[in-house]
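Data block below; observations after.
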Amino acid sequence: MLQLVIGNKNYSSWSMRPWVLMRHFGIAFQEVKLRFDFAPGSDFYRELSRHTPTGKVPVLLIDGFAVWDTLAIAETVADLHPGHAIWPREPMQRARARSLCAEMHAGFGALRDHCPMNIEARLPEVGARVMAEQAGVRADLARIDAMWSQQLAASGGPFLFGGFSAADAYFAPVASRIRTYSLPISVCSQSYVERLWVAPGVSHWVADALAERDFLDFEEPYRTCR
Ligand SMILES: N[C@@H](CCC(=O)N[C@@H](CS)C(=O)NCC(=O)O)C(=O)O
């Protein structure tokens with residue numbers, strides 16, 4: 001049995017990726033949601049420590065055997081389900097998809113720091129301020145825009161490598177940030193954001209996130225009232 005340990009759906013960008021991926025491909029799994037609480041010794045960390053030494057979600061449990069870190073989970077899901085094109089089938093395209101995911105995994109720190117995922121929020125004024133003040137965010141966004149535009153032109157869309165793949169699951173939280181903060185991107189990339197938003201796995205996660213209504217002050221650096 002597959003179980004996926006995740007955090008709050010409104011906030012947990014890393015949890016979103018494997019959840020969306022498995023849901024998109026119709027891979028059955030049980031969701032185990034742990035409410036975010038990053039205080040030392042919290043229930044979140046205590047429960048998580050049963051599965052991973054990292055103190056971070058997501059964790060995939062295969063009959064109780066733990067796989068942690070999103071990239072490892074994506075690779076493991078692909079291993080477990082070779083019948084699904086989790087990665088593009090063509091080897092060079094697969095290599096490119098892995099490059100983009102690794103780039104996301106290791107990078108875009110300014111965007112992540114200044115525009116944390118908050119699916120429910122609409123914060124265009126914060127986005128405008130961050131774009132004006134943070135060169136790092138502008139650089140991250142420019143790279144994402146270029147990456148998506150090149151990839152969509154090469155593949156013909158509708159997703160980065162044609163059909164939905166791990167790469168699209170990887171960028172779903174970026175699409176969320178672009179929407180929440182109204183970050184300016186090209187028409188081509190914006191239309192990709194809108195397609196991604198209504199893709200089956202992504203739209204299910206978003207619906208759950210909107211229904212969650214579990215707002216946490218430490219995840220809300222920009223909102224003073226709701
Ligand atoms: N590299 C990890 C990052 C996971 C991560 O940072 N998860 C956050 C939630 S989105 C978390 O669990 N944070 C808890 C903490 O930092 O203590 C992955 O790819 O899964």
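Just so it is clear: in the sequence shown, position 50 is 50 by our numbering, and no numbers are missing.
Just so you know, even glycine gets a beta-carbon here, dropped at the ideal spot from N, CA and C.
All values derive from a computational prediction rather than experimental measurement.
Contact between A199 and A97 does not hold, since their C-beta atoms are separated by about 16 Å, which reaches or exceeds 8 Å. DSSP, read as helix, strand or coil, puts I144 in helix. With a 10 Å radius around the Cβ and a threshold of 16 neighbouring Cβ atoms, P88 comes out buried. Listed in chain order, the alpha helix (DSSP H) elements of length 4 or more contained wholly in the region 8-70 are 13-24 and 43-48.
Residue pairing by DSSP places Q3 opposite Q30 and L61 in a beta bridge. Using a C-beta cut-off of 8 Å, the region 124-143 makes no contact with the region 158-167, since fewer than three inter-stretch Cβ pairs fall below that distance. About 4 Å separates the CB atoms of I119 and A209; that is less than 8 Å, so the two are in contact. Comparing alpha-carbon positions, the option among F164, Y222, L152 and Q134 lying closest to C188 turns out to be L152. Here G157 is not bridged, per DSSP, to any residue.
Look at T224: its beta carbon is at least 6 Å from all of the heavy atoms in ligand 1. In the same chain as I185, and ignoring 5 residues on each side of it, the C-beta atoms closer than 7 Å to its own belong to L141, D145 and I178, in chain order. Within the same chain, and ignoring the five residues on either side of S149 in sequence, the residues whose Cβ sits closer than 8 Å to its Cβ are S186, C188 and S189.
The closest heavy atom of ligand 1 lies 6 Å or more from the beta carbon of G26.
As a beta-bridge residue in DSSP terms, G162 pairs with F159. For the 7 Å CB-CB criterion, I62 and K33 do not form a contact. The C-beta of E47 has fewer than 16 other C-beta atoms within 10 Å across all chains shown, which makes the residue exposed. Pairing N8 with F36 gives a Cβ-Cβ distance under 7 Å. The Cβ neighbour count for T70, taken over all protein chains shown within 10 Å, is at least 16; the residue is labelled buried.
Counting the other Cβ atoms within 10 Å of the Cβ of E194 gives fewer than 16, which makes it exposed. Per DSSP, the continuous alpha helix (DSSP H) segment holding M92 begins and ends at P91 to A106. For the set S182, V202, F164 and S15, the Cα lying nearest the Cα of R94 is the one of F164. Taking 7 Å as the cut-off, the beta carbon of A121 is found no closer than this to the beta carbon of V20.
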